[in-house]
Amino acid sequence: MKTLFNILAAFIAFTNIAVAQVKWSVDPAHTNARFEVKHLGIAFVDGQFKTLEGNVESATATDFNNAKINFSIDVNSIDTRVEMRDNHLKSDDFFSAAKFPTMKLANATLKGNDGKYILTGDLTIRDVTKKVTFNVVQNNGIITDPWGKTRAGFTATTSINRFDYGINYADKLPTGVFAVAPEVQITINVEVVKN
1 MKTLFNILAA FIAFTNIAVA QVKWSVDPAH TNARFEVKHL GIAFVDGQFK TLEGNVESAT
61 ATDFNNAKIN FSIDVNSIDT RVEMRDNHLK SDDFFSAAKF PTMKLANATL KGNDGKYILT
121 GDLTIRDVTK KVTFNVVQNN GIITDPWGKT RAGFTATTSI NRFDYGINYA DKLPTGVFAV
181 APEVQITINV EVVKN
């Protein structure tokens with residue numbers, strides 16, 4: 001009976017270790033969510049969202065394969081360096097920020113190794129949620145900063161069609177070229193700190 005109890009206790013301890021998660025928080029001071037879209041068919045306009053938060057759960061402190069990620073962005077923090085354009089982007093023509101103040105990436109999982117990953121999750125913009133896939137590169141492994149905190153950095157890239165998310169502003173030039181292209185390039189530079 002004692003042997004059975006010891007085996008059961010060892011199994012429970014092993015199971016708890018196997019499902020333990022290492023929690024990381026996004027460092028907003030060293031993270032940015034950037035976008036770039038073609039304007040008038042001849043140039044690009046870029047911008048960023050300045051307020052964001054997120055968390056990561058990895059199986060260990062050294063391996064991000066199968067890590068779970070959630071991320072949210074304050075739409076009202078959009079910054080393209082032109083106030084009139086920022087206000088237009090917050091309007092119903094684009095993000096409708098008054099009704100939908102937050103963009104979210106939820107239920108996202110990181111898959112890969114050797115610092116190269118694919119991130120797949122549910123991206124919600126306005127009231128539309130769709131699966132999106134990012135290519136992700138881990139930047140220079142995991143480090144201990146000068147203050148003793150464990151950090152890791154990643155760069156994630158993807159492109160989306162804004163029409164898929166109900167961002168339907170569709171002014172065209174007489175030539176038929178969109179004033180603002182449908183395809184939007186997204187780059188997210190993330191630094192996470194182990195909790």
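Heads up, the sequence shown is in the UniProt record's numbering, so the first residue is 1 and it goes up one at a time. C-beta atoms are modelled at their ideal positions from N, C-alpha and C, and glycine is treated no differently.
Under the three-state DSSP convention, the category residue i falls into
{"i": "residue 82", "result": "coil"}
{"i": "residue 169", "result": "coil"}
{"i": "residue 96", "result": "coil"}
{"i": "residue 77", "result": "helix"}
{"i": "residue 149", "result": "coil"}
{"i": "residue 59", "result": "coil"}
{"i": "residue 40", "result": "coil"}
{"i": "residue 87", "result": "helix"}
Residue burial classification, residue i (beta-carbon count within 10 angstroms, cutoff 16)
{"i": "residue 111", "result": "exposed"}
{"i": "residue 183", "result": "exposed"}
{"i": "residue 81", "result": "exposed"}
{"i": "residue 147", "result": "exposed"}
{"i": "residue 84", "result": "exposed"}
{"i": "residue 173", "result": "exposed"}
{"i": "residue 239", "result": "No answer is possible for residue 239: the residues shown for the chain start at 1 and end at 195."}
{"i": "residue 43", "result": "exposed"}
{"i": "residue 54", "result": "buried"}
{"i": "residue 121", "result": "buried"}
{"i": "residue 89", "result": "buried"}
{"i": "residue 190", "result": "buried"}
{"i": "residue 118", "result": "exposed"}
Cα-Cα separation between residue i and residue j, rounded to whole angstroms
{"i": "residue 116", "j": "residue 45", "result": "28 Å"}
{"i": "residue 170", "j": "residue 52", "result": "28 Å"}
{"i": "residue 162", "j": "residue 30", "result": "27 Å"}
{"i": "residue 139", "j": "residue 152", "result": "7 Å"}
{"i": "residue 95", "j": "residue 180", "result": "14 Å"}
{"i": "residue 70", "j": "residue 105", "result": "6 Å"}
{"i": "residue 68", "j": "residue 61", "result": "13 Å"}
{"i": "residue 23", "j": "residue 113", "result": "19 Å"}
{"i": "residue 50", "j": "residue 32", "result": "7 Å"}
{"i": "residue 187", "j": "residue 58", "result": "22 Å"}
Residue(s) in a DSSP beta bridge with residue i
{"i": "residue 47", "result": "35"}
{"i": "residue 178", "result": "172"}
{"i": "residue 54", "result": "71"}
{"i": "residue 161", "result": "183"}
{"i": "residue 21", "result": "None, per the DSSP bridge assignment."}
{"i": "residue 194", "result": "24"}
{"i": "residue 135", "result": "118 and 157"}
Rounded distance between the beta-carbons of residue j and residue i, thought under 8 Å
{"i": "residue 150", "j": "residue 142", "result": "6 Å"}
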